[in-house]
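Asks: Attaching a single structure in structure tokens format; questions to follow.
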Amino acid sequence: MSTARPRPASPVAPAAAVAVVAADAAVFRTRADEVYAQLKRDVADFILVPGDRFTENEISERLGVSRTPVRQALFRLQQEGFVEVLFRSGWRVLPFDFDQFEQFYDLRMVLETTAVHRLCETDRRIDRSLIEALADIWLVPAAQRSADTAQVAQWDEAFHCTLVAAAGNAEMARVHADVTDRIRIIRRLDFTKQPRIDATYEEHGKILKAVRANRGDQAAMLLRAHIETSQAEVRKITLHQVHLARHAGKAQGPR
């Protein structure tokens with residue numbers, strides 16, 4: 211008779227800190243860094259959506275900071291392809307670049323399938339505790355699964371980052387964290403429907419079981435199919451869905 215693992219108290223597995231929390235902590239050095247991080251969260255949380263226009267003064271007033279750090283943060287976001295400056299009329303959040311998202315997903319595929327193969331090589335030294343931390347979240351009875359879309363989206367991101375981090379290649383983890391950062395808003399849109407949440411639990415569970423059994427080829431095949439499904443959902447995303455997500459977030463209020 212099997213027993214269910216206790217549900218972790220933390221909303222994100224400890225391993226997520228490797229690629230998500232630690233990365234965020236590193237940017238909080240100056241006021242401009244804080245504004246930069248906040249604006250990126252605004253995009254990921256649908257507070258700012260593609261096509262939105264705003265001025266530096268509006269951001270300054272909302273965040274309670276001067277225009278200088280706001281301008282510095284916006285120029286940094288412009289370089290990364292999140293926003294563009296409009297001649298004499300402020301700034302605009304750039305539309306989705308779906309060709310670029312396709313490339314990011316292809317890169318994810320390479321990094322993550324390579325990682326699970328490494329995790330299943332018995333002659334490698336890896337941190338198995340990271341994998342077990344993921345099992346505490348994803349290998350639970352259906353009744354214990356979270357229905358909180360925002361929480362599941364965070365756990366999903368942590369799942370993939372942890373698989374790569376656990377493989378032990380710091381440069382691979384760094385590149386993967388950058389890709390994760392760029393596709394965050396798209397991935398969160400993928401969790402606005404309950405069937406996708408249910409499927410994620412099932413698919414993550416199968417991947418973890420294969421990794422724990424050191425079945426590298428199977429784990430990579432399952433992971434590839436999982437990412438391809440998500441990639442197919444990205445192609446269906448419309449601006450209408452983005453605005454629906456924003457209104458849903460407003461209706462739920464601050465978290």
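First residue of the sequence shown? That's 211 in the working numbering, and the numbers climb one at a time after it.
Don't be surprised by glycine CBs; every beta carbon is placed ideally from N, CA and C.
In this text the structure is predicted, and so the values were computed from the model without any measurement.
Which stretch, first to last residue, makes up the alpha helix (DSSP H) that contains R302?
Replies: That residue, R302, is in no alpha helix (DSSP H); its beta strand (DSSP E) goes G300 to V303.
Asks: Since C330 and N424 should fall inside the 8 Å C-beta cutoff, what is the C-beta to C-beta distance between them, to a whole number of angstroms?
Replies: The Cβ separation is near 4 Å, so the contact holds.
Asks: Determine, using beta-carbon pairs with one atom in the region 300–319 and one in the region 333–345, whether at least three such pairs fall under 8 Å.
Replies: As far as the Cβ criterion goes, the region 300–319 does not touch the region 333–345, which means the pair count is below three.
Asks: Kindly indicate the opening and closing residues of the alpha helix (DSSP H) around E294.
Replies: It is not in any alpha helix (DSSP H) - E294 instead sits in the beta strand (DSSP E) that spans V293 to L296.
Asks: Taking DSSP as the reference, what is the three-state secondary structure of P218?
Replies: In this prediction, P218 scores a pLDDT of 42, lower than 50, which makes its location untrustworthy; the coordinate-derived value is nonetheless stated afterwards. It is coil, neither helix nor strand.
Asks: How long is the line joining the alpha carbons of R384 and L304, rounded to whole angstroms?
Replies: One C-alpha to the other measures close to 25 Å.
Asks: Check each candidate in C371, R251 and V245 and name the one with the smallest Cα separation from M319.
Replies: It is C371 whose Cα lies nearest to the Cα of M319.
Asks: Could you check whether the Cβ of Q361 sits closer than 8 Å to any Cβ belonging to chain C?
Replies: Absence of chain C from the displayed structure is noted, only one protein chain being present.
Asks: Give the straight-line distance between the Cα atoms of H386 and G291, rounded to the nearest whole angstrom.
Replies: Going by the C-alpha atoms only, they are around 18 Å apart.
Asks: Buried or exposed for T240, please, with buried defined as at least 16 other CB atoms from any protein chain shown within 10 angstroms of its CB.
Replies: With fewer than 16 Cβ atoms within 10 Å of its Cβ, T240 is classed as exposed.
Asks: Rounded to the nearest angstrom, what separates F308 and T390 at their Cα positions?
Replies: When rounded, the distance between both Cα atoms is 15 Å.
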